[in-house]
Amino acid sequence: MVDRCGTCQRKTRHKYLKHYREKGKLSLSKYFQEFEIGDKVNLKTDSAIDKGRFFPRFYGLTGSIAGKKGFCYLVKIMDGNKEKTLFVHPIHLTRQ
Numbered sequence: 313m314v315d316r317c318g319t320c321q322r323k324t325r326h327k328y329l330k331h332y333r334e335k336g337k338l339s340l341s342k343y344f345q346e347f348e349i350g351d352k353v354n355l356k357t358d359s360a361i362d363k364g365r366f367f368p369r370f371y372g373l374t375g376s377i378a379g380k381k382g383f384c385y386l387v388k389i390m391d392g393n394k395e396k397t398l399f400v401h402p403i404h405l406t407r408q
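Per the working numbering, the very first residue in the sequence shown carries number 313; after that it's consecutive.
In structure tokens, the structure reads:
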């Protein structure tokens, strides 16, 4: 088998594009937003911030908040029939 070369951001040219109205400085209210355990959230990567980014395969999925670790939130999602947990920074989360 061939080893994959590159980072986890490869093949995301169109997935991580921002609308021209969303470009520029990020809003601090989105950066410091708070969630409660059990809240439903959508996973949408902000391409300007590397910290707390999840794997691109999970882009656009919906999960629920299961806990907090430091600044990041523990998000449980279903990947097919398997439940997975991700540690995601709140800049990459939106309320559903």
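Quick reminder that beta carbons are idealized off the backbone N, C-alpha and C, glycines included.
Just so we're clear, the structure is a prediction, and the values are computed from it rather than from any experiment.
Is the Cβ-Cβ distance between residue i and residue j less than 9 Å?
i, j, result
"G336", "K356", "no"
"V261", "F347", "Since the first and last residues shown for the chain are 313 and 408, residue 261 lies out of range."
"D351", "H404", "no"
"G379", "L386", "yes"
Excluding the 5 residues flanking residue i on each side, which residues of the same chain have their C-beta closer than 7 Å to its C-beta?
i, result
"F370", "L355, I389 and L398"
"K327", "P368 and Y371"
"A360", "L338"
What are the partner residues of residue i, as DSSP defines its beta bridges?
i, result
"M390", "E395"
Keeping to the same chain, check which residues put their C-beta closer than 6 Å to that of residue i; ignore five residues upstream and five downstream.
i, result
"G364", "C384, V400 and H401"
Compare the C-beta of residue i against all C-beta atoms of chain D and say whether one is closer than 9 Å.
i, result
"H326", "Structure shown: chain D not included; a single protein chain is present."
Quick test of your reading: residue i and residue j, contact by CB under 8 Å. State the CB separation rounded to the nearest angstrom.
i, j, result
"Q408", "T374", "6 Å"
With a CB to CB cut of under 8 Å and the five nearest residues on each side skipped, what residues in its chain are close to residue i?
i, result
"T406", "V353, N354 and K356"
Cβ-heavy atom distance between residue i and the ligand SAH below 8 Å?
i, result
"V387", "The ligand SAH is absent from the structure shown, which contains no ligand whatsoever."
Whole runs of the alpha helix (DSSP H) within the stretch 315-383, excluding any shorter than 4 residues:
Counting only runs of 4 or more, we get 340-343.
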